[in-house]
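So in my numbering, the last spot in the first sequence is 913, and the numbers never skip.
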Amino acid sequence: MEQRLAQATTELIQELYGQELATAKITVQKTRSEFKGDFTIVTFPIARFSKKSPEQTADELGAKLIERLEELAGYNVIKGFLNLELSDDFWLDFVKKEKTNTEIGFNKSSEVNAPVVIEYSSPNTNKPLHLGHIRNNLIGYSISNILEADGFNTAKVNLVNDRGIHICKSMLAWQKWGEGETPEQAGVKGDHLIGKYYVMFDGAYKQQVSEMIEQGHSEEEAKKNAPLLLEAQQMLKKWEEGDSETVALWKKMNDWAYKGFDKTYKRLGVDFDKIYYESETYLLGRNIVLEGLEKGILFKKEDGSVWADFSEEGLDEKLLLRSDGTSVYMTQDLGTAVLRYSDYNPHEMIYVVGNEQIYHFDVLSRLLKKLGYQWYGKVKHLSYGMVELPEGKMKSREGTVVDADDLMEEMIARAKETTQELGKIEGLTREEAEKLYHTIGMGALKYFILKVDPQKTMTFNPEESIDLNGNTGPFIQYTHARIKSVMRKAEDKGASDEFTTIPSIHPREKVILKRLYDFPNVVKQASQTYSPALIANYTYELVREFNQFYQEVSILSAETQQQAGFRLSLAEVSAKVIHNAMGLLGIDVPEQM
RNA sequence: GGUCCCGUAGCUCAGUUGGAUAGAGCGACGGCCUUCUAAGCCGUAGGUCCCAGGUUCGAAUCCUGGCGGGAUCACCA
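Listed below in structure tokens is the structure:
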């Protein structure tokens, strides 16, 4: 409709004033709620062409537009703002049409066939997932949904960081002090057990360092030459050489981690189409580097380390292979990128990775370019901000890291507590009740995180996140449940949702209609800006407006059957939009709560 | 120091390609359950949109310069 209005206005300007004005230049916006109307055309810029005052221009355009577009029922002008009112029939038709459309808001026609490959999660196998990973996973999963809803094909991929010095640290600590402990024995998830040994390594290493400093070594030297670190480095070398004992230990411990991760992912409700392992891609990266070295694109230093030189582009030199021949992060990311490109021939490759790695991805794309990969521009780093606590940053050293599993558990427990307090589990089986606690707890967590613009650093306040009132996931879920309840009651009463026409549309209804009408635009915009937050905030506005309507206007006891039918239909469409929108965020909405 | 990101109510956040009197939630205070679920609704209080210039009919939004906070520039990932 906005398009039609802009189009018609352009034509009118041409006819009335003989001026060519690009349709895109015309601003058609939603009319602010305090004024009468549905869409508003701002006529200040047009006044220059009409050589009349903005008010006069608006008047002229308004009069003509009404003649021309049958959807328009009236207009008013305030200052330079031309407020256009759509006919009630337009809105009634809209409801009739969307009532049967389960895919409301989703664009199924795809202009692009090549998939958008989206990487997220990217865990290290040396420790369990924490709050930062949760944000990452939720953003990645949601953006994949949103892109699908916008007509793209997507492939969700995970890149597991399953090799490297940090993994060796956990392995070494377990080998030294673990006494064969297994997750089963310890009664903890495998990823948590491994994390325990990683922390253990870190503690012992720090102690060695401080002892060495006491013995007169410099700090730098101590950090570099602490026996434990040297042992870990030795282990990495052995691993890269394929030493069978080291590899066996590595496999065993990584398996523990994977089993733990799977549980976490399942609970979080995220999944992947394909999982890449760095242990399987780093050699490819190394070969590419060696090839680049042969071609003279890269260079070797005296100590045998291999580098890329970006000094001409204003950046630094970047290490690609250590002097002992082992790979670094960039090496494996290079290999993974090349492999992934050949696997998918993608439209785009999106990496959901924290904003601390902006430089890394800048270098990765420059490196790809330097090495002759023409598709380097398809690599997109979708960087998101860190999650902080009210006290400040999470620090593993100080034990302030919020563990993903613990957090989910707490949220669900809180949902259970509140639900029971409010006595909302009447008529539910035990199983259904448990499912509901999960739905609400996870809804609260996911919404709390996704409503914030991904780009921004966010504060995670446990107190607030657990809140179930106000701008929260459970508030949205509650509204959905309310609508469903009304629909069930309607069915019991035998009330029909059929209608042909009604005398007039209530202002509270109009607000909702306009909001619902906007949903496809919001999905489109969320897709273009990779922002689940737009969907979250949109949904909140919708349910707030619905609750105002619900409070003020009776659906089932409407004055006439026609009116009841219309209101019921309006509620149904609202429920569908809430359902679909929350689905894009990976949040379930219950039938009852 | 270079590059990048951020700065809106006491706190957490919205604010479309520049548009009308800058909005929510939480917290505070006061109302509303014989009527579709009170996890709700209504009202009150709360603002130098970090500062200063500039562009424009019009700036929280764009430009320049400051100030404040963060990230990054590793033989860490």
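Glycine included, every Cβ here is placed at the ideal spot set by N, Cα and C. Please read these numbers as outputs of a predicted model, since none were measured by experiment.
Collapsed DSSP secondary structure at residue i in the structure displayed
i, result
"E539", "helix"
"A546", "coil"
"L618", "coil"
"S462", "helix"
"M573", "helix"
"T360", "strand"
"S442", "coil"
"H826", "coil"
"L389", "coil"
"K371", "coil"
"L659", "helix"
"Y597", "strand"
"Q349", "strand"
"N403", "strand"
"I855", "helix"
"N396", "strand"
"G712", "strand"
"S816", "coil"
"V648", "coil"
"D723", "strand"
Range of the contiguous alpha helix (DSSP H) that encloses residue i
i, result
"H680", "678-690"
"W411", "408-418"
"L325", "322-337"
"K896", "881-904"
Residue range of the beta strand (DSSP E) that includes residue i
i, result
"T474", "474-480"
"V673", "668-674"
"S703", "699-704"
"V626", "626-629"
"L876", "Careful: L876 lies outside any beta strand (DSSP E) and carries neither H nor E."
"L640", "637-641"
Through-space distance from residue j to residue i, alpha-carbon basis
i, j, result
"G460", "V842", "18 Å"
"I595", "L588", "17 Å"
"A764", "E499", "41 Å"
"Q376", "L888", "42 Å"
"R903", "G425", "Going by the sequence as given, residue 903 is Gly instead of Arg. Straight-line Cα distance between these residues: approximately 12 Å."
"F795", "N789", "6 Å"
"M491", "Y517", "8 Å"
"S429", "V772", "29 Å"
"L392", "F414", "14 Å"
"N791", "Y597", "39 Å"
"D482", "N444", "6 Å"
"G523", "F839", "52 Å"
"K489", "L549", "8 Å"
"N473", "I463", "12 Å"
"L890", "Y679", "49 Å"
"G674", "F681", "11 Å"
"K809", "D817", "12 Å"
"M611", "D653", "In the sequence under discussion, the amino acid at residue 611 is Glu, which differs from the Met named in the question. For E611 and D653, the distance between alpha carbons rounds to 16 Å."
"S894", "G747", "25 Å"
"I533", "Y860", "57 Å"
"V831", "R734", "34 Å"
Cβ pair residue i, residue j closer than 8 Å
i, j, result
"L691", "I608", "yes"
"V397", "A378", "yes"
"I487", "W411", "no"
"Y578", "T651", "no"
"T720", "E730", "no"
"Y661", "P774", "no"
"I386", "I333", "no"
"T759", "N867", "no"
"V432", "Y664", "no"
"T343", "T330", "yes"
"L513", "W559", "no"
"I786", "Y757", "no"
"A856", "Y767", "yes"
"L833", "V897", "no"
Cβ-heavy atom distance, residue i to the ligand PLP, below 7 Å
i, result
"E614", "Because no ligand of any kind appears in the structure shown, any question about the ligand PLP cannot be addressed here."
Whole alpha helix (DSSP H) elements within the segment 737-813, 4-residue minimum: Secondary structure remark: continuous alpha helix (DSSP H) runs of at least 4 residues inside the segment 737-813, in chain order: 750-770, 782-785, 793-813.
Complete runs of the alpha helix (DSSP H) confined to the segment 484-521 [at least 4 residues]: List check, alpha helix (DSSP H) in window: 485-497, 503-506.
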